[in-house]
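Report on the following structure.
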Amino acid sequence: MAYFEWADDMVIDGGPIDEDHRLLVDLVNELHSATSRGAGQVVVASILRRTIDSTREHLAREEHIMAQHGFPDLEAHKQGHDSFMESLYALERQLQAGGITVAAQLSRVLRDWLSLHIRRNDKELRRFQHRRARGR
Ligand SMILES: [Fe+2]
Ligand SMILES: [Fe+2]
Numbered sequence: 033m034a035y036f037e038w039a040d041d042m043v044i045d046g047g048p049i050d051e052d053h054r055l056l057v058d059l060v061n062e063l064h065s066a067t068s069r070g071a072g073q074v075v076v077a078s079i080l081r082r083t084i085d086s087t088r089e090h091l092a093r094e095e096h097i098m099a100q101h102g103f104p105d106l107e108a109h110k111q112g113h114d115s116f117m118e119s120l121y122a123l124e125r126q127l128q129a130g131g132i133t134v135a136a137q138l139s140r141v142l143r144d145w146l147s148l149h150i151r152r153n154d155k156e157l158r159r160f161q162h163r164r165a166r167g168r
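Using my numbering, the first residue of the sequence shown is number 33, and each one after it goes up by one.
As structure tokens, this is what we get:
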């Protein structure tokens, strides 16, 4: 069983948003295998960098899609994205400063935030589209 399991209740659009989320789930699993087998800082830092880049690209794409669909509360959603990116950069700085304990925390922070954010916040887009499709 993977560290971070994809589950059906994480489906948002059956398209680009889900593809991004699946990629991020894979990256978190890769990061977790690296830190749990005690991989060196260089290896961990490079997976983290790819994860950060993919996350940033995903969040921008998702915000764009939400704007196209006229998703309400986009500003609040963006703020959640921004503060998550800030915490990722902070973790990266700590890792570069030699924080061994940070390496172990990385995959947990990423998994917990993504899991909750997808199921609670991104899901709002799906609910919004369903409501609109029903004409309400
Ligand atoms: Fe997302
Ligand atoms: Fe989001």
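Where is the CB? At the ideal position from N, CA and C, for every residue including glycine.
Backbone secondary structure at residue i - three-state DSSP
| i | result |
| --- | --- |
| Asp50 | helix |
| Tyr121 | helix |
| Phe116 | helix |
| Ala34 | coil |
| Phe103 | coil |
| Ile84 | helix |
| Ala77 | helix |
Which listed residue (the options) has its alpha carbon closest to that of residue i
| i | options | result |
| --- | --- | --- |
| Leu127 | Glu62, Gln73, Asp45 and Arg54 | Gln73 |
| Gly102 | Asp40, Arg166, Glu89 and Gln161 | Gln161 |
Cβ neighbours of residue i in the same chain (closer than 8 Å, five flanking residues each side left out)
| i | result |
| --- | --- |
| Leu106 | Glu95, Met98 and Ala99 |
| Gly112 | His149 and Asn153 |
| Leu146 | Phe36, His53, Leu56, Val57 and Val60 |
Chain-order list of residues whose beta-carbon lies under 6 Å from that of residue i (same chain, five-residue window excluded)
| i | result |
| --- | --- |
| His35 | Reading off the sequence, residue 35 comes out as Tyr, not His. Closer than 6 Å at Cβ, skipping near neighbours: Asn61 and His64. |
Same chain only: Cβ atoms within 7 Å of residue i, ignoring 5 sequence neighbours per side
| i | result |
| --- | --- |
| Ser139 | Tyr35, Val60, Leu63, His64 and Thr67 |
Buried versus exposed call for residue i [16 or more other C-beta atoms within 10 Å across all chains shown]
| i | result |
| --- | --- |
| Arg163 | exposed |
| Ile132 | exposed |
Distance cut-off 8 Å: residue i Cβ against heavy atoms of ligand 4
| i | result |
| --- | --- |
| Asn61 | Looking at this structure, you won't find ligand 4 anywhere; what it does contain is ligand 1 and ligand 2. |
Between the region 44-53 and the region 116-130, are three or more C-beta pairs nearer than 8 Å? With a cut-off of 8 Å on Cβ pairs, the region 44-53 is not in contact with the region 116-130, counting fewer than three such pairs.
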